[in-house]
Amino acid sequence: MQNNMLIGATEIAQELDVSKAFAYKVVRELNEELKKRGYIVIAGKVSRRFFEEKFYGYHSREEVKDADG
């Protein structure tokens, strides 16, 4: 996993072991939720932090490090 602030559908597909089509659907749904919260979004990419929070329940980088051991 890279340290970029945004994650794209290709990386999401690899991370979740799903098709690229499904990963694009995930990106669209997450971006729609962010838009409703008033955030500016970029088509085809989503905040890595928001993705991790929604799928893994992480709220900070420290929790990610703790989960990895």
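In the working numbering, the protein residues as written are 6 to 74.
Positions of the beta carbon are idealized from the N, C-alpha and C atoms, including for glycine.
Residue i: CB within 8 Å of a non-hydrogen atom of the ligand ATP
i     : result
GLU20 : Because no ligand of any kind appears in the structure shown, any question about the ligand ATP cannot be addressed here.
Three-state secondary structure assigned by DSSP to residue i
i     : result
ILE17 : helix
ASN31 : Residue identity check: residue 31 is Val in the sequence provided, not Asn. The answer is helix: DSSP assigns VAL31 an H, G or I state.
CB of residue i within 9 Å of CB of residue j, strictly
i     : j     : result
VAL50 : LEU11 : It should be noted that the sequence gives Lys, not Val, for residue 50. Cβ distance < 9 Å, so LYS50 and LEU11 count as in contact.
VAL31 : ILE17 : yes
Span separating the alpha-carbon of residue i from that of residue j
i     : j     : result
TYR63 : ALA26 : 25 Å
ASN9  : TYR61 : 18 Å
Residue burial classification, residue i (beta-carbon count within 10 angstroms, cutoff 16)
i     : result
GLU34 : exposed
GLU57 : buried
Unbroken beta strand (DSSP E) run spanning residue i, endpoints
i     : result
SER52 : 50-52
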